Amino acid sequence: MLYTFVLRRWLKRVLLLSVLMMITGLINAQTPPKNENKQTSDKKEQPKTQRVTVIGTVLDSKEEPLPGVVVKVRGTTQAVATDVDGRFIIQIPKSDKDIFLDFSFVGMLPHSIKVVKPERKLIVHLKEDNVALSEVVVNGFFAQDKKTFTGTATTLQRDDLLKVSSTNVLKAITALTPNMKIVENNAAGSNPNVVPELIIRGANSLAISGEQGINNPLVILDGVEISMEELYDMEINEIESVTILEDASATVLYGERAANGVILVERVRAKDSKVRLRYSFTPTFAYADLSSMNLTNAEQKLELERLAGLYDTDDGSLDQAYAYKLENIRKGINTEWYKAPLRFAFSHSHSLTLTGMGQNLSYSAGLSFRDTYGIMKGDYRRNYGFNINFGYRLTDKLTISFTGSYGLGGSKSSPYGDYSTYSKMNPYEPIYDEYGEYIKEYYFDPFDPSGSEKKIENPLYNATLSSFSKNQSRNMKNSVMIRWDIVPQFYVTGQINYSSDYSQSDVYVSPDDSQYLSTVNSAEKGSYTISGTNNSAWDGKFTASYRKQFKDVGFSVNAGCSSISYKYSSDFSAQGIGFMKDNLNDIKFAMGYTKNGKPSGDENISTSVGFYGNTTIVVLKRYIIDGNLSYSGNSSNGANKRFGPFWSVGARWNIHEEKFFRKSWLNDLSLRWNMGSTGNAGFSAKQAVTRYQYDQDNDYYTGVGATPINMGNPLLKWQKTLKNTFAINTRMFQDRLSFNFSFYLDKTFDMLVPIDLPPSVGVSSVKVNMGELLNKGLSFSLSGRILQTKDWYLSSYINGSHNFDKITKISDALEKTNQGGDTGTKPKLLYKEGGSQYDIYAVRSAGIDPATGQEIFITKDGHYTLKYNEDDKVAVGNENPILKGSWGMTLAYKGFGLNLTSSYTFGGDIYNSTIADAVENIDPYFNVDVRAFTDRWKQPGDHTRFLGLGEKKETYRSERFVEKKNEFYLSNITFTYELPKSFLKKIKLERLVVGIAYDDVFRISSVKMERGTSYPYQRSLNLIFRPTF
């Protein structure tokens, strides 16, 4: 409580100070100097010195006046600042020597002019410092020239992202980055409360049970590490740019955090001197995509039950039940249960950003709000955000900046539960009884409920109760950075960050829920589960950079402390049971705890430190070599393996700079190579330390007993990935055409895998470093401006990638997980040396015998048999496609714009769970795919793909269910219109963009499978309204 109270008081002070600074910045930016002739003069200057008055105006590249530009007489301290109209008046000493005026302004390139005729009014133009955006690569520590960069980095601007998606940041990034993909989650569908997983250049770790997300890349927002969930929740209009770092040269400075790649995100910053107010409003209308649903109707389902023999009895006792259902069908009952929990959803997002520059000051502030509703009734995801940034030039050489953000989030899952329960409901059953009330239960024989073999609960009834599953979160980030330009070639930067976040989950199940209908003891009815986490962290970094250019040789040296961090985390959980009434939905009304549900918690403190050095040598602008060395230490490692080195070396050849290859049409042709070692610290610190818990059930006379939770390993260290990259890049015809190709070979060593322990230890296994995994692949991107005139613009791009992985070494304990039969219909994930983690293992099949309707299997040694044997399972497919990528096009005419974005994949395999679950291995008491009624073997001579209706082999994993996945997906169409400047001036607007975007337009696939089994996929229509004041 004391910690929360102090934190809140400190936060209020920070926010108050930030608002006061922003108001001060606005006043400074808009108010001209009270005395335009006022100057800072040298106190030692003699008053009798003759002076000449110089008058001028400073403009930007758009002929707009620049207020707050510092105009200084070279060699003196005499200086003035331009007023709100960009004007300045300065008196300079009359001299026979040449006199120069130096102009400086935040975000603009420095400029100097020689005063030749003081009596003439000067017009000075300053150019934007676009080098920081287009000609350099920002790696989070220092900027590197793109022309000498040996690593692989993709930089995307806000306009690039908006062409792909108006709302989804992750979807936009993956579409434009060939080597990045979102891990497909067919069960989650378009559930807004499920955060996707990202993978760059394949998975470097084996995601064993409970370790999902360990292959996610590191995400840095304005210099501060954030979670993938925070990036997922970001309002896309707040983002200025996103940079994806992929290989060793690009990521090695992040040491033990770099193996999975790095995503650098920068928020919107001021670009010019004018105060800009940008607003974005995006309403979204969404509906369920049910195009993959292929269920039987009421008549088909009843006939399937009859053919399956469900009503065949010696005494005809089920004839009445069949007649009752047939009568329902004749009355017109054909309930579309799969539509019952769905809705037409309306969501909306807003962002408001204020930017500007004053004298030596730049500032930005933003507010955002996203209110997202899913297509299942009752769910939502809501986010509020505030961010602020100030940059102030204290002197010509010293700059300080502050960045702060605060966010609140809340979400609720649909009370209608898992969507799959609705697709299984029989369509001949009505939802309501004769009184208009929900029917709670359905019996196969409604005239003899006690004798019915099957009882089905109405999932809609539970949605009327007080049950809920909701989450709430808050986060705060603060960062202060100082830059000292000691000399033009040498500068130092320092940054310190503080972050904290809190999240809590509450899940209540009413005692009236249908799952408790058969429970007699009221003390066991209903449950309330509460859990949460509380994290805070301090971290900082320091960088010193030196660059020197000689006649033909240039070099740069960067060194510093890449990370000093202190992280604290705690979590808690409890589960209460026994609730008297539905609306007593607070944990304090629980009668007791479950056996393992008593209040519990955990705390963890970790520290880390890292140092790095970087050297780049450039010869004749065409031969480049660089090297990086990082040395990191982390308390999460085993006591004997706290520190470890990471390194990279790279080379680049700018062929277009060679005399024999200089062509007017060739802008860039370069070859790049780099290799290096990066680490992965994406595992819990708890794995390195032996931990015990007190067992209150074992109370001895000497005290309470303790049992081990996990066995620590003092030799545990980071996984290391050795990365090799070769790439070629070219741009030609004034950048109208560009092509990039890269090949990579990554090998992970010391992968964390479990090994078995004897039962006497008390735990079954311990993590050790002994696994090895190989990833190799290629990627390409081709883009071009096909047409560019005064009124017309047409461009297009296509990219693609392929990844292949191979497990080269695992432990015996992991090998044992391969043993045993499969449960459920989906093949068990197997890890085998020499195989891929994406291999699909099943027994090979020669199909269904037309004569008998039995399946003919193929053994490992190639023999045909009718007997299924688990030991005959082999790799019959691989989920990795031969090629996947995206294609897009932009067409513009005057102010109108049309953007198309699509994706493709072909050559991969998939285990079609729909035909396994809902076509062949069906439970005839529930609804099924219509193919179970039409496409199964019925009589000798039938050439079919599926077994007869009476056959059910749910434990069989057959090659028949593995299909080739070839797919084309039109993910977005966006149409925009930017109103003309002449009209906008009349309504006092700088810019106004309106438009409409349609997401998930259509999908053409070779696989007929239900999509979104636990939560449906959706299609959505977005309206666009983005004014700039």
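Here the sequence shown stands for residues -29 to -1, 1 to 1000, where the numbers follow mature numbering (1 follows the signal peptide of the UniProt record, and there is no 0). Where is the CB? At the ideal position from N, CA and C, for every residue including glycine. The structure presented is a predicted model; accordingly, all values stated were derived computationally and were not measured.
Pair within 9 Å by beta-carbon distance, residue i and residue j
i    : j    : result
T719 : N651 : yes
I359 : S333 : no
V39  : A50  : The residue asked about is misnamed: residue 39 is Gly in this sequence, not Val. It is not a contact, given that the beta carbons lie outside the stated cut-off.
L436 : D483 : yes
V86  : V25  : yes
Y715 : N740 : no
F697 : R613 : no
D810 : F828 : no
K142 : N870 : no
S541 : N567 : no
G194 : T324 : no
L744 : D776 : yes
V107 : L235 : no
T214 : T125 : yes
Y764 : T861 : yes
A494 : G563 : yes
Cβ neighbours of residue i in the same chain (closer than 6 Å, five flanking residues each side left out)
i    : result
D971 : R990
N433 : D484, S485
F112 : L224, T514
E276 : P895
S476 : N442, S502
K496 : P482, Y487, T490
V901 : N265, T267
Y768 : S754, G859
Residue i versus residue j: straight-line alpha-carbon distance, rounded
i    : j    : result
L723 : Y802 : 14 Å
A229 : V223 : 6 Å
Y258 : F315 : 5 Å
S533 : V580 : 8 Å
V964 : T253 : 12 Å
N993 : G572 : 43 Å
I576 : L600 : 27 Å
S220 : T145 : 21 Å
I853 : S772 : 8 Å
W455 : E850 : 51 Å
T649 : G824 : 55 Å
D416 : A292 : 5 Å
S976 : M199 : 29 Å
G381 : L338 : 17 Å
R997 : S873 : 24 Å
Bounding residues of the alpha helix (DSSP H) (the contiguous stretch that carries residue i)
i            : result
R902         : 902 to 905
L202         : 199 to 203
V463         : Run containing V463: none in the alpha helix (DSSP H); it sits in the beta strand (DSSP E), 461 to 480.
A659         : First-last for A659: undefined, no H or E at that position.
K142         : 140 to 147
residue 1004 : Beyond the ends of the chain as shown, which are -29 and 1000, falls residue 1004; an answer cannot be given.
A219         : 219 to 222
K117         : That residue, K117, is in no alpha helix (DSSP H); it is neither H nor E in DSSP.
Chain-order list of residues whose beta-carbon lies under 8 Å from that of residue i (same chain, five-residue window excluded)
i            : result
P401         : N299, I304, T306, I410
residue 1005 : Residue 1005 cannot be examined here, being either before or after the span of the chain that is shown, -29 to 1000.
N840         : V814, F828, T830
Segment limits, beta strand (DSSP E) that includes residue i
i    : result
E237 : 233 to 238
Q546 : 524 to 548
E826 : 826 to 829
K777 : 763 to 780
Counted within 10 angstroms of its Cβ, other Cβ atoms place residue i as buried (16 or more) or exposed
i    : result
T11  : In this prediction, T11 has a pLDDT of 38, which is less than 50 and means its spatial position is unreliable; nothing more can be read from the coordinates.
G833 : exposed
V42  : buried
W308 : buried
I995 : buried
Cutoff 7 Å; reference residue i; Cβ partners in own chain excluding five residues on either side
i    : result
T565 : Q546, I548
F704 : W636
L297 : L273
P430 : Y387, G388, T392, Y393
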